[in-house]
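Read through the structure below, which is laid out as C-alpha cells, and then see the notes.
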Amino acid sequence: MRLHEYQAKRLFAKAGIPTPESAVARTVDEAVELADEIGYPVAIKAQVHVGGRGKAGGIELVDDAAEAREAAESILGMDLKGYRVEEVLVEEAVEFTDELYVGVTMDRNAGRPVAMVSTRGGVNIEEVAAEEPEAIAREHVDPAFGMFDFQARKAVSDAGIDREVASDVASVLTTLYDLWEEHDGADAEINPLMVADQAVVAADAVFNVDGDALFRQPDLAELEDETAGDELEAKANEYGFDYVRLEGNVGIIGNGAGLVMTTLDLVDHYGGEPANFLDVGGGAKADRIANALDMVFSDENVDAVVFNIFGGITRGDEVARGINQALGQFETIPKPVIVRLAGTNAEEGMEILDTSLVQVEETLEAAVQAAVAAAEEVTA
Ligand code: GDP
Ligand code: MN
C-alpha cells in the first residue's frame, strides 16, 4: 500500500526528518489561500500514487497568487498517468543547491534490506540507477541489528556527499531505515533530499507499506485512500481477480499465477511491455472472462490483449465459449485479442473460438509475438 507524499512527509517529519512547510488542498480556492499563508514561492504538487509527477506536469512552482490559481486549476482534476488528481500539496518552495537521493528497500537478491544514498537525486534517478549504478552507494543491513551509525556514515562517504551535510544525511538515512523497519516498509525514499543553506530538507517522500503487514500497522492502514487508488485495481478487487497494473500496453489475461508470470516474461522477452498481471483463476466461466476483458479493455494504456489459457480442470472448450460470449457483448472489439489455448480440450476450444473476434495462435510464443506486434502497430 502506498502513502501519498503528504502522508509520508508527516510520518518522516514526526520522526525528525526536516520537511518544508506544507498543507493539503482539495479545491483551487483552498490551494491559493494556503499558498498565500505559506508565502511565495510555493510548489503545487499533485497527490497521486505515481512517481515522475514532475516530468508529467503534476508539479508547478509559482511566484504569486495568480500563478498559484492557474497551477491549481490545471493540476486539480487532471489525469496523471491514469490517476485523477483530487488533492494537491501546497508547499514552501525550497531554493536548493543540490538534489540528493536516499532510499531503503528490500534487496531480494541479497536477502537483506539495503540503504542507498546518491548525490544524483532528482527526477532522473531511474536513469542513474540503470546507467551508472555505481553512482548510488549501497549498504546492506542485518535486520537483527538494524542499521549502525557507522554504516550510514560509510554510505554517505561512499556516495561522496559534501562534508557540510554529511552527518545530516547520515542521520536522515538512519531515521529512514528505522521508519522502514518499524512500519513494515516495502520502499521508503526521499528524492530529492534537497541541500539548502548547508542543511537538508525532504522535498519529496515515498513510503510504501508491505500490504501483508497492514494488520499490524493500523495507523497506516487507516491512511489508505481507496478513492485515489487505481480505479482498475479497485475493480479487480470487486471481481475477485489477482491483478496488478503495470506501465506497458500489452494486456495479459491468464489462468494461474505462474502462467501469467511466464506470459509477462515472454512479452518482455519479445520487446513488449506488459500492461498488467491478471489471473482469472481456475474454473473461469463466461462471466469471469467477460469481467477480465472488461478490465483490460477499460485500461486506456492497453493496445492489445493476449489470453494465455491452460486447460486443466478448466476445459479449453468452456473457456473458448466464455471468450466468444464475452466478446459477443461488444459491438466492436476495441482492441485486438490474441488467444492461446493449451491443455484439456484445447483443440475443441480452438475450433470453437470465433476468429472474427479473436486471433488464435497455437503456441504461446506466437501468441505473445502477435500481441506485441499488434500493440506496436497501435503506438507506431
Ligand atoms: P516526482 O517527480 O513525483 O518525484 O516529484 P518530486 O517531489 O520529486 O519533484 C520533482 C522535481 O520538482 C524535483 O526534483 C525538483 O527539481 C522540483 N521541485 C519539487 N519541489 C520543489 C521545491 O520546493 N523547490 C524547487 N526549486 N523545486 C522543486
Ligand atoms: Mn521525487
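Going by our numbering, the first residue of the sequence shown is number 7, and it counts up by one from there. Note that the Cβ used here is the ideal one computed from N, Cα and C, for glycine as well.
In angstroms, rounded to a whole number, what distance separates the CA positions of Gln157 and Met200? For this step, residue 157 is matched to residue 151 along the sequence shown. For this step, residue 200 is matched to residue 194 along the sequence shown. Their Cα atoms are separated by approximately 22 Å.
Under three-state DSSP, which class holds Asn255? Taking the sequence shown and counting its residues from 1, the one referred to as residue 255 is at position 249. Reduced to three states, the DSSP call for Asn255 is coil.
Pairwise C-alpha distance: Gly318 and Val286: Stepping through the sequence shown from its first residue, residue 286 is reached at position 280. Stepping through the sequence shown from its first residue, residue 318 is reached at position 312. Approximately 14 Å, taken between the alpha carbons.
Please look up how many angstroms separate the CB atoms of Gly260 and Val311, rounded, as I've assumed it's under 8 Å. Your numbering for residue 260 matches position 254 in the sequence shown. Your numbering for residue 311 matches position 305 in the sequence shown. That belief does not hold up - the Cβ atoms of Gly260 and Val311 are roughly 11 Å apart, past 8 Å.
Glu353 versus Glu66, Glu368, Val171 and Pro342, residue with shortest Cα-Cα distance: Translated into positions along the sequence shown, residue 353 becomes position 347. For Glu353, the nearest C-alpha among the options comes from Glu368.
Out of Thr268, Arg222, Asp113 and Leu179, state which residue places its alpha-carbon closest to the alpha-carbon of Phe283. In the sequence shown, the residue the question calls residue 283 occupies position 277. Looking at the Cα atoms, Thr268 is the closest of the given residues.
Looking at Gly127: is its Cβ nearer than 8 Å to the Cβ of Asn214? As a working note, residue 127 is residue 121 in the sequence shown. As a working note, residue 214 is residue 208 in the sequence shown. Cβ atoms of Gly127 and Asn214: not closer than 8 Å.
Give me every residue whose Cβ sits closer than 6 Å to any heavy atom of the ligand MN, in chain order. Going by the Cβ distance cut-off, the answer is Asn197 and Asp210.
With Pro224 as the anchor, note down where its beta strand (DSSP E) starts and where it stops. On the sequence shown, position 218 is the one that residue 224 refers to. Not the beta strand (DSSP E): Pro224 falls in the alpha helix (DSSP H), residues Pro224 to Ala227.
In chain order, which beta strand (DSSP E) runs of at least 3 residues are fully inside the region 123-173? 142-146
Between the C-alpha atoms of Pro342 and Glu279, what's the straight-line distance to the nearest angstrom? Translated into positions along the sequence shown, residue 342 becomes position 336. Translated into positions along the sequence shown, residue 279 becomes position 273. A straight line joining the alpha-carbon of Pro342 with that of Glu279 spans about 16 Å.
Go through its chain and collect everything with a Cβ distance to Phe247's Cβ below 8 Å, but skip five positions before and after it. The residue labelled residue 247 in the question sits at position 241 within the sequence shown. Closer than 8 Å at the Cβ level, and outside the excluded window around Phe247, lie Leu284, Asp285, Val286, Gly287, Asn297, Ala298 and Met301.
Euclidean distance between Cα positions of Leu333 and Lys291: Numbered from 1 along the sequence shown, position 327 holds the residue referred to as residue 333. Numbered from 1 along the sequence shown, position 285 holds the residue referred to as residue 291. Distance between the alpha carbons of Leu333 and Lys291 is about 13 Å.
Determine the direct distance from the alpha carbon of Val48 to that of Asp69, and round the result to whole angstroms. Counted from its first residue, the sequence shown places residue 69 at position 63. Counted from its first residue, the sequence shown places residue 48 at position 42. Cα to Cα, the separation comes out at about 7 Å.
Supposed close pair Gly349, Phe316 - CB separation, criterion 8 Å: The count along the sequence shown starts at 1 and reaches residue 349 at position 343. The count along the sequence shown starts at 1 and reaches residue 316 at position 310. Contact flag correct, Cβ pair sits at about 4 Å.
Tell me whether Ala49, by its Cβ, gets closer than 7 Å to a heavy atom of the ligand GDP. By 1-based counting over the sequence shown, the position of residue 49 is 43. At least one heavy atom of the ligand GDP is nearer than 7 Å to the Cβ of Ala49, so yes.
Taking Phe313 as part of the beta strand (DSSP E), name the residues at either end of that continuous run. For the purposes of this step, residue 313 is taken as the residue at position 307 of the sequence shown. Unbroken beta strand (DSSP E) run through Phe313: Ala310 to Gly317.
Kindly give me the distance between the Cβ atoms of Val94 and Lys51, rounded to whole angstroms, as I take these residues to be in contact under 8 Å. Counting from one through the sequence shown, the residue named residue 94 turns up at place 88. Counting from one through the sequence shown, the residue named residue 51 turns up at place 45. Right, the Cβ-Cβ distance comes to about 6 Å (below 8 Å), so this counts as a contact.
Given Ala381, which residues of its chain have a CB within under 7 Å of its CB, disregarding the five upstream and five downstream residues? Along the sequence shown, read from residue 1 onward, the residue named residue 381 stands at position 375. Setting aside the 5 residues that flank it on each side, Ala381 is surrounded in the same chain by Asn255, Val256, Gly278, Asp309 and Ala310, each with a C-beta closer than 7 Å to its C-beta; the list follows chain order.
Measure how close the beta-carbons of Val374 and Tyr276 come, nearest whole angstrom, since I'm counting them as under 8 Å. The count along the sequence shown starts at 1 and reaches residue 374 at position 368. The count along the sequence shown starts at 1 and reaches residue 276 at position 270. About 6 Å separates the Cβ atoms of Val374 and Tyr276, confirming a contact at the 8 Å cut-off.
State yes or no: is the C-beta of Gly128 nearer than 7 Å to some heavy atom of the ligand GDP? As a position in the sequence shown, residue 128 is number 122, starting the count at 1. Checking the Cβ of Gly128 against the ligand GDP gives yes.
First through last residue of the alpha helix (DSSP H) which encompasses Met267: Here residue 267 refers to the residue found at position 261 of the sequence shown. Per DSSP, Met267 belongs to the alpha helix (DSSP H) from Ala263 to His275.
To which residues does DSSP link Lys15 through a beta bridge? Counting from one through the sequence shown, the residue named residue 15 turns up at place 9. Looking at the DSSP assignment, Lys15 forms no beta bridge with any residue, so it has no partner.
So is Glu383 in contact with chain C if we call contact Cβ pairs under 8 Å? Protein chain content of the structure displayed is limited to a single chain, and chain C is not contained in it.
Among Asp210, Thr361 and Ala21, which has the Cα closest to the Cα of Gly58? By 1-based counting over the sequence shown, the position of residue 58 is 52. Among Asp210, Thr361 and Ala21, the Cα nearest to that of Gly58 is on Asp210.
Name the two residues that bound the continuous alpha helix (DSSP H) containing Ile44. Locating residue 44 in the sequence shown gives position 38, counting from the first residue. Per DSSP, Ile44 belongs to the alpha helix (DSSP H) from Val34 to Ile44.
Leaving aside the five residues before and after Val364 along the sequence, list all residues of the same chain whose C-beta is less than 6 Å from its C-beta, in chain order. Numbered from 1 along the sequence shown, position 358 holds the residue referred to as residue 364. By the criterion of a C-beta distance shorter than 6 Å, Val364 is surrounded in its chain by Val343 and Val345, once the five residues flanking it on both sides are discounted.
Are the Cβ atoms of Arg118 and Asp155 separated by less than 8 Å? Here residue 118 refers to the residue found at position 112 of the sequence shown. Here residue 155 refers to the residue found at position 149 of the sequence shown. Their beta carbons are not under 8 Å apart, which means Arg118 does not touch Asp155 by this criterion.
Please work out which residues of its chain come closer than 8 Å, Cβ to Cβ, to Ala176, disregarding the five sequence neighbours upstream and downstream, and give them in chain order. The residue labelled residue 176 in the question sits at position 170 within the sequence shown. If we look at Ala176 and ignore the five residues flanking it on each side, its Cβ neighbours are Asp155, Ala158, Arg159, Ala161 and Val162.
For a test of your reading of the model: does the CB of Leu67 fall under 7 Å from any non-hydrogen atom of the ligand GDP? Yes or no. By one-based count along the sequence shown, residue 67 stands at place 61. Result yes, Cβ under 7 Å from the ligand GDP.
For the ligand GDP, any of its heavy atoms closer than 7 Å to the Cβ of Phe102? The residue labelled residue 102 in the question sits at position 96 within the sequence shown. Shortest gap from the CB of Phe102 to any heavy atom of the ligand GDP: under 7 Å.
With distance defined between alpha-carbon atoms, name the residue in Val123, Ile23, Glu39 and Thr361 nearest to Arg144. Working through the sequence shown from its first residue, we reach residue 144 at position 138. Answer by Cα proximity: Val123.
Considering only residues of the region 315-384, which uninterrupted alpha helix (DSSP H) runs meet the minimum length of 4 residues and lie entirely inside it, listed in chain order? 322-334 and 352-358
Would you mind stating whether Asp394 and Gln223 have Cβ atoms separated by less than 8 Å? With the chain covering 7 to 386 only, the question about residue 394 has no answer from this structure.
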